[in-house]
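Undergrad: In this note's numbering, the protein residues as written are 1 to 110. Structure below; questions to follow.
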Amino acid sequence: MDMEAIRLSLTVLNMVISAAVWIFVWQARKSQVTQDSVKSLEDSVAKRFDNKGIRISKLEADLKALPSSIEIVRIHERIDDSIKSNQETQLLIGELIGQIKQMNVERNRA
């Protein structure tokens, strides 16, 4: 019986060791898959942040290129001055046309 007990003990020990190795390998693979998934997620998030950073940099550059509110006020003032000047010029042209017509009427009378 000693031999039978030893064989049974070795068989049970073999099964326990096999189960322990199987559990260890399963946990190691599960851990590796989790690490790979986390690494993939980190890479994805880093790439998205890089893309967002590039977009924000471009938007900031575009904003710097836009005129400020003071410059817009100056542009409006210049446009208003130009319109006022144009109106004054039209009035002067109207007066000149009126004077020329008056001179033609007086010339035709004489």
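Glycine included, every Cβ here is placed at the ideal spot set by N, Cα and C.
What number of angstroms, rounded off, separates the C-alpha of Glu77 from the C-alpha of Glu88?
TA: Approximately 16 angstroms, taken between the alpha carbons.
Undergrad: Look up Ser68 in the DSSP assignment and say whether it is helix, strand or coil.
TA: In the structure shown, Ser68 sits in coil (DSSP, three-state: anything other than H, G, I, E or B).
Undergrad: Could you give the distance in angstroms between the alpha-carbon of Glu4 and the alpha-carbon of Leu13?
TA: Each residue's Cα considered, the two are about 14 angstroms apart.
Undergrad: Nearest-angstrom Cα distance between Val25 and Val45?
TA: Their backbone Cα atoms lie some 30 angstroms apart in a straight line.
Undergrad: Please report the distance separating the alpha-carbon of Arg74 from that of Lys58.
TA: Between Arg74 and Lys58, the C-alpha separation is close to 27 angstroms.
Undergrad: Please confirm if Ser82 has its CB atom under 7 angstroms from at least one CB of chain D.
TA: As a matter of chain content, chain D is missing from the structure shown, which is built from one protein chain.
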